[in-house]
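Read through the structure below, which is laid out as structure tokens, and then see the notes.
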Amino acid sequence: MRRAVLTAASTCSLVVLLLALKPHHTAAVSALGGTPPSGTAPSPTRSEPAASGSHPVSGTYTGDPVDTRYGTVQVAATVQGGKLTDVKVVQVPSGSGRDQQITAYAVPRLTQEALTAHSAHIDAVSGASYTSQGYIQSLQSALDKAGV
């Protein structure tokens, strides 16, 4: 009987310890290969919204940077004829190997879904909820600037 109680107490303690353990994440943010460095944005960039009542102006609009738990997410949206035609990543979380892994998995899926929907009304990627929310918010900011 004593052995069963000791085993149960040890198991519970181990489970609590494992659940309390949090991986260490650095706040450093750098761009992944193929994207511009974090201080630059694709050009030409327009930051003023399109005039009310007029057709959206074609161009590339940089969304606001969105701070997430794992780093900053920022995208630039290219709009032509009032439709979203391209999304480029300006900043993504990449402070650790796990951040890079999640970003490499999630960003292409988010981009494809946004291009298919021609909007920021897209589903988050499972396992990358913080990155997904940052991506969606930044994309919506860029589309707001474009007047779309």
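Okay, so the sequence shown: first residue is 42 according to this note's numbering, each after it adds one.
No residue lacks a Cβ here, since even glycine has one placed at the ideal position from N, Cα and C.
Reduced DSSP category for residue i - H, G, I as helix; E, B as strand; rest coil
i	result
residue 187	helix
residue 171	helix
residue 164	coil
residue 136	coil
residue 98	coil
C-beta atoms of residue i and residue j nearer than 8 Å
i	j	result
residue 189	residue 120	yes
residue 103	residue 183	yes
residue 163	residue 177	yes
residue 111	residue 138	no
8 Å CB neighbourhood of residue i in its chain, flanking five on each side removed
i	result
residue 109	134, 171, 172, 174, 175
residue 166	146, 147, 150, 151, 172, 173
Supposed contact pair residue j and residue i - C-beta distance, whole angstroms, cut 8 Å
i	j	result
residue 118	residue 187	7 Å
residue 161	residue 155	6 Å
Same chain only: Cβ atoms within 7 Å of residue i, ignoring 5 sequence neighbours per side
i	result
residue 99	120, 121, 122
residue 180	104, 116, 118, 128, 155, 161
Start and end residues, beta strand (DSSP E) containing residue i
i	result
residue 108	107-109
residue 112	112-121
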